[in-house]
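Q: What follows is a structure written as structure tokens; I'll ask about it next.
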Amino acid sequence: MDDYKSNDFAGKIMMQAKDLELSCLIIDLSGVPSIDTMMTNELFQVVNMLELLGIDTTITGIRPEIALTAVQLGIDFSKIRTYGKLKDAVSDLLHIR
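Positions 153 to 249 (this note's numbering) are the ones given, in order, by the sequence shown.
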């Protein structure tokens with residue numbers, strides 16, 4: 153997830169979420185070795201935007217470097233569901249639904 157891939161990242165996710173009529177979304181970061189502060193901030197802004205649309209968003213696989221950046225940016229995790237592993241999030245989601 154670098155600058156050229158993040159071009160209109162928020163817009164693309166918002167349009168696809170609307171088109172697919174999502175009620176929930178899991179964003180898995182386990183394959184992402186690192187992201188810069190700008191992209192980290194944009195990612196968490198997307199989570200907030202999706203919440204406004206009523207889409208429950210979960211983030212999995214946050215690496216220590218990404219967690220450090222998010223905390224340094226002052227991102228509030230109180231409303232964001234996180235899991236270490238994608239399979240745990242899917243399991244809980246299936247159990248809840």
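All C-beta atoms in this analysis are idealised placements derived from N, C-alpha and C, irrespective of residue type, glycine included. Because the structure is a prediction, the values reported are computed rather than measured.
#1: Tell me the residue span of the beta strand (DSSP E) that contains D208.
#2: Identify which residue in G206, V223, I207 has its Cα closest to the Cα of T189.
#3: Under three-state DSSP, which class holds L246?
#4: Buried or exposed: where does Y156 fall if 16 or more other Cβ atoms within 10 Å of its Cβ makes it buried?
#5: L225 by DSSP, collapsed to three states: which one?
#6: So does the stretch 180-199 actually touch the stretch 209-225, counting three or more Cβ pairs closer than 8 Å?
#7: Can you say whether L204 is buried or exposed, counting buried as having 16 or more other CB atoms within 10 angstroms of its CB?
#8: Roughly how many angstroms separate the alpha carbons of M167 and D208, rounded to a whole number?
#9: Using the Cβ count rule (16 or more neighbours within 10 Å means buried), how would you classify I248?
A: The relevant details are as follows:
#1: 208-212
#2: V223
#3: helix
#4: Note that Y156 scores a pLDDT of 44, beneath 50, so its modelled location is shaky; the value from the coordinates is reported in the next line. Result: exposed.
#5: coil
#6: yes
#7: exposed
#8: 16 Å
#9: exposed
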